[in-house]
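Take 136 as the starting number for the sequence shown in our numbering and just add one per residue.
Where a beta carbon is used, it is the ideal one built from N, C-alpha and C, also for glycine.
So the structure is just underneath, and the comments pick up after that.
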Amino acid sequence: MQNLPKVKVFVEGRYRKLTRDLPQTVYFCPECKGHPRRRKKCERCEGFGKLSRDSVQELVAWVLGKAFGTRKNKFHGSGREDVDVRMLGRGRPFVLEFLNPKEKDVDLAALEAEVNRRNEGRLEIEGLCWSQQSRVRELKETPHAKEYAVRIRSVGPLDIEACMERANSRIQVEQQTPNRVAHRRADKIRERWIEILEVSPFEDFENEYSVRLRTEHGTYVKEVVTGEEGRSIPSLSALFGVACECVELDVMDILGSEGDELSAPKRTIPFGQLDA
Ligand SMILES: [Zn+2]
C-alpha cells in the first residue's frame, strides 16, 4: 500500500490557565491508555479513557480542529505546569500541530476569540499565528527561568524584614530529585538558583504569605519551599527560619534562561510558506 504524504500545519500562541483543574495535554488513563476497545472494560476510568474531562490541548484543539477539518493534533508546550498550578501573566508559549487538515484557509484571530469565548474564566489564548516545525524544537529545548507567586503557610509568624534581607540576590540551591517524581526521574542532585523578589502577608490568613520567586529552569518549587527533609538546601523554610509549606502556586512569567524578559515571537508566516 502506498503511503500518502502527511501534511501538517502548525499554529503558535500563548496560553493562560486560570484554574487548578486543567492538565496541559490529554490526560489518558494509565491503565487502558484510552484505547478504544480496551477502555470499555477499564475500571480505572469507567470506560472514559481519560482521567480528566478536558485539557488545555483539547480546549484549543476542539475549536481549531473543527476549522481545519481534522482531529489529529499534537500539543507542544514550552515546558508545563502541574495540573493544580495556574499559568498567569503573559502566558506560556505553545505550538499546536494538526495532521492532514482538509481546510487550511482559516481565520486564526476569529478562532482565538472563539476559544476564549467558550472557556471564559478557565483558559485564555493570545497571539495565535502560523508557525512551523522548527519552532517545536526551539520551544522544547530552550531553558526558561520562571517567575512564581507562591502562597505559603508557615508554622509561626515570619519576620518579613529579616526575610527580605535575602531578597534580590541569587541563592544557589542544591536540590535532590523530589520523592514525588523519583519514580520517573533519575535520582540526582541538581544545582539551581533562586531569587526571592518579595514577601508579603496574606490579608486575613494567619501565617500565610505571598512570596514572589524567580527560579532557574528545572527547579522544583514546592520542594524549595519545604526543603523536603534536607533534599533541597537551602529552602525557604531554612532561609526564613520557620517551617513553611506551599499552599498554592502560580506561574507568573516564562523568562529567558538567565531570568531576563522574553520578547514575544511576533512573526506571521505567509500561508504559502508553511511547512508541508
Ligand atoms: Zn482506563
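Starting from residue i, follow its DSSP beta bridges and name the residues at the other end.
i, result
"Met299", "Beta-bridge pairing links Met299 to no other residue."
"Gly212", "Phe229"
"Pro336", "Tyr344"
"Val382", "Per DSSP, none; premise fails for Val382."
"Ala284", "Arg347 and Asp385"
"Glu326", "Glu309"
"Arg221", "Asp385"
"Cys264", "Glu147"
"Glu181", "In the DSSP output, where bridge partners are listed per residue, Glu181 has none listed."
"Glu259", "Arg151"
"Leu390", "Glu396"
Quick check on DSSP: helix, strand or coil for residue i?
i, result
"Gly169", "coil"
"Gln159", "coil"
"Glu276", "helix"
"Tyr344", "strand"
"Leu231", "strand"
"Glu396", "strand"
"Arg188", "coil"
"Glu249", "helix"
"Arg270", "helix"
"Leu293", "coil"
"Ser372", "helix"
"Ile404", "Low confidence applies to Ile404: its pLDDT is 49, below 50, so where it sits in the model is not reliable, and the reading given next is rough at best. Coil, per DSSP."
"Gly353", "coil"
My understanding is that residue i touches residue j, with C-beta atoms under 8 Å, so please give their C-beta distance in whole angstroms.
i, j, result
"Leu384", "Val285", "6 Å"
"Trp328", "Glu351", "5 Å"
"Leu234", "Lys143", "6 Å"
"Glu455", "Val377", "Outside the modelled stretch of the chain, which goes from 136 to 411, sits residue 455, for which no answer is possible."
"Arg349", "Leu332", "6 Å"
"Glu330", "Glu309", "Between Glu309 and Glu330 the Cβ distance is about 16 Å, and since that is not below 8 Å, they are no contact."
"Glu238", "Phe210", "That pair is no contact at about 20 Å."
"Phe163", "Lys185", "6 Å"
"Asp156", "Val218", "7 Å"
"Leu223", "Arg149", "The pair is not a contact, with the Cβ atoms about 11 Å apart (cut-off 8 Å)."
"Arg288", "Val382", "5 Å"
"Cys298", "Val250", "About 40 Å; that fails the 8 Å criterion."
Considering residue i, what are the terminal residues of the alpha helix (DSSP H) in which it resides?
i, result
"Phe145", "Where Phe145 is concerned, there is no enclosing alpha helix (DSSP H), although the beta strand (DSSP E) it sits in stretches over Lys143 to Lys152."
"Val360", "Val356 to Thr361"
From which residue to which residue does the beta strand (DSSP E) around residue i run?
i, result
"Arg305", "Arg305 to Gln311"
"Gly200", "Where Gly200 is concerned, there is no enclosing beta strand (DSSP E), although the alpha helix (DSSP H) it sits in stretches over Val191 to Phe203."
Is the beta carbon of residue i within less than 6 Å of some heavy atom of ligand 3?
i, result
"Arg174", "As presented, the structure is devoid of ligand 3, carrying ligand 1 as its sole ligands."
| task | Mind the definition here: the region 243-257 touches the region 216-228 only if three or more C-beta pairs lie below 8 Å; say whether that holds. | result | The region 243-257 and the region 216-228 do not touch, with fewer than 3 CB-CB distances between them shorter than 8 Å.
| query | Is it a yes or a no for the region 386-398 touching the region 275-292, going by three-plus beta-carbon pairs under 8 Å? | reply | By the Cβ criterion, the region 386-398 is in contact with the region 275-292, since at least three pairs of Cβ atoms, one from each stretch, lie closer than 8 Å.
| query | Is there contact between the region 351-363 and the region 253-265, where contact requires at least three CB pairs shorter than 8 Å? | reply | Cβ pair count under 8 Å is below three, so no.
| Looking at C-beta atoms only, is the number of pairs between the region 198-205 and the region 357-367 that lie closer than 8 Å three or more? | By the C-beta criterion, the region 198-205 is judged not to be in contact with the region 357-367, since fewer than 3 inter-stretch pairs fall below 8 Å.
| Can you find at least 3 beta carbon pairs, one from the region 260-277 and one from the region 333-349, that sit closer than 8 Å? | The region 260-277, when compared against the region 333-349, does not touch it at the 8 Å Cβ threshold.
| task | Take every Cβ of the region 312-321, pair it with every Cβ of the region 172-180, and state whether three or more of those distances are shorter than 8 Å. | result | Judged by Cβ distances under 8 Å, the region 312-321 makes no contact with the region 172-180, as fewer than three pairs qualify.
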